[in-house]
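*Asks:* For the numbering used here, add 43 to where a residue sits in the sequence shown, where the first one is 1.
One structure, pasted below without further comment.
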Amino acid sequence: MRESREFFIPDDGIQIHLKLNFPQNPSGEKMPLMILVHGFTGDMEETHIRAVQRTANEEGFAVLRAEMYGHGKSGGAFGDHTLMKWISNILTVIDYARTLDFVSDLYLCGHSQGGLLTMLAGAMERDRLKAILPLSPASMIPEIARHGEILGVPFDPDHIPAEVEAGKGLTLRENYIRVAQLIDVDLAIARYKGPVLIVHGTGDESVPFHYSEEVAAKYANAKLVPIPGDTHCYDLHLDQVTEAVRSFLREIR
Ligand code: FER
44 MRESREFFIP DDGIQIHLKL NFPQNPSGEK MPLMILVHGF TGDMEETHIR AVQRTANEEG
104 FAVLRAEMYG HGKSGGAFGD HTLMKWISNI LTVIDYARTL DFVSDLYLCG HSQGGLLTML
164 AGAMERDRLK AILPLSPASM IPEIARHGEI LGVPFDPDHI PAEVEAGKGL TLRENYIRVA
224 QLIDVDLAIA RYKGPVLIVH GTGDESVPFH YSEEVAAKYA NAKLVPIPGD THCYDLHLDQ
284 VTEAVRSFLR EIR
C-alpha cells in the first residue's frame, strides 16, 4: 500500500503545501486522482474538505489536497493573494499531478473560491481533466467585483479602494479586486464540455444558491445537487454532499 504524504512544491517564488492521501484498497496499479482545493480564507483541514477527501479515497481515488497562495501552510501573504496567483498555483499542481506514475485520470474539485478556480482551471486544462466538481462555487466574484462590491462591502468599481476588511482579522488588498474584475466566468463555462458536478446549499448566505442554478444551466454537461436549507460549508447535511460526490464519481469512473 502507498503511504500518504505531506510535502511542498515550488511555484513562482512560493512553496505550495500539499497532502496526498491514498485509498485503503486501491483496485490496481493505477488509480484516478482528485485535486482538492479549499475556499477564500479556508484551508485543507476544514471539515467539509476532509469529508470530500475521505469520500473520494473510499471510492478508490487518490486525493491531492492543495493550499493556494496566502492560505494554510502555503507561502505568500493573504493580503497579496489574487485569482491569478491561485491560477498559477493550480496549473503547477496539475503539472505535478501529471508526473505521478500511479495516476490514471485527473479530477479537480474545489470549494467556493476554490470552486471558481476549478471552473477556470477546468477550461484551461479541459483536455486533461476527466471531470470537475465545483462545490458552492463563488462564481459571482468577478461579476460583483465589476459591479462594485466585494464581501458585502460596496465601492466605486472605477476607483478601487486600497483595502477591504475580509473578516478573521484579514485584509484584502486592491489587486485582488483588479484581477477579479478581468475574469470571464462565462468564457470558462463555455470552454469545458466534460462532466461537471455542482453541489450547493440552498440556504447559503455567502454565495447565494441561484448563482449555481445559472452556472449549471450554462455548462454543456452539468449536474446540480441542491442541499436543502444548507449553509456555505454544509453545517446541516454534509452527508448529502459526500453522497452526491460519491455517486457522481461512481457514475463517471
Ligand atoms: C465574496 C463572496 C464570497 C468574496 C469571496 C467569497 C472575496 C468567497 C467565499 C469562499 O471562498 O468561501 O464577496 O469576495
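C-beta atoms are modelled at their ideal positions from N, C-alpha and C, and glycine is treated no differently.
(1) Any heavy atom of ligand 1 closer than 8 angstroms to the beta-carbon of Ala209?
(2) How big is the Cα-Cα spacing for Ile137 and Leu215?
(3) Ignore the nearest five residues each way along the sequence and tell me which others in Val258's own chain have a CB closer than 6 angstroms to its CB.
(4) May I ask you to report which of helix, strand or coil DSSP gives Gln224?
(5) Mapping DSSP to helix, strand and coil, what is Thr274?
(6) Could you spell out the range, first to last residue, of the alpha helix (DSSP H) harbouring His243?
(7) In this structure, does DSSP put Pro177 in helix, strand or coil?
(8) So is the beta-carbon of Thr125 under 8 angstroms away from any non-hydrogen atom of ligand 1?
(9) Examine ligand 1 and report whether any of its heavy atoms sits within less than 8 angstroms of the Cβ of Thr84.
(10) Could you check if Tyr219 belongs to the surroundings of ligand 1, using beta carbon to heavy atom distance under 8 angstroms?
(11) Could you give the distance in angstroms between the alpha-carbon of Arg189 and the alpha-carbon of Val196?
(12) Give me the Cβ distance between His124 and Asp86, rounded to the nearest whole Å; I'm assuming they're in contact under 8 angstroms.
(13) What residues are listed by DSSP as bridge partners for Gly153?
*Replies:* With the given structure in hand:
(1) Looking up residue 209 in the sequence shown gives position 166. Yes, Cβ of Ala209 sits closer than 8 angstroms to a heavy atom of ligand 1.
(2) Indexing the sequence shown from 1 puts residue 137 at position 94. Indexing the sequence shown from 1 puts residue 215 at position 172. Spanning the two alpha carbons is a distance of roughly 27 angstroms.
(3) Position 215 of the sequence shown, counted from the start, is the residue given in the question as residue 258. Correct list, in chain order: Ser182.
(4) For the purposes of this step, residue 224 is taken as the residue at position 181 of the sequence shown. Note: Gln224 maps to coil in three-state DSSP.
(5) As a position in the sequence shown, residue 274 is number 231, starting the count at 1. Reduced to three states, the DSSP call for Thr274 is coil.
(6) The residue you call residue 243 lines up with position 200 of the sequence shown. Not the alpha helix (DSSP H): His243 falls in the beta strand (DSSP E), residues Val239 to Gly244.
(7) Residue numbering aside, residue 177 sits at position 134 when the sequence shown is read from its first letter. Strand.
(8) Start at 1 with the first residue of the sequence shown, and residue 125 comes out as number 82. No - ligand 1 has no heavy atom lying nearer than 8 angstroms to the Cβ of Thr125.
(9) By one-based count along the sequence shown, residue 84 stands at place 41. Within the cutoff, so yes.
(10) As a first step, residue 219 must be located in the sequence shown, where it is residue number 176. Indeed, a heavy atom of ligand 1 lies less than 8 angstroms from the Cβ.
(11) Indexing the sequence shown from 1 puts residue 189 at position 146. Indexing the sequence shown from 1 puts residue 196 at position 153. About 13 angstroms.
(12) Here residue 124 corresponds to residue number 81 of the sequence shown, with the count starting at 1. Here residue 86 corresponds to residue number 43 of the sequence shown, with the count starting at 1. Here His124 is actually not in contact with Asp86; their C-beta atoms are around 13 angstroms apart, not less than 8 angstroms.
(13) On the sequence shown, position 110 is the one that residue 153 refers to. Answer by DSSP bridge pairing, in chain order: Val80 and Pro177.
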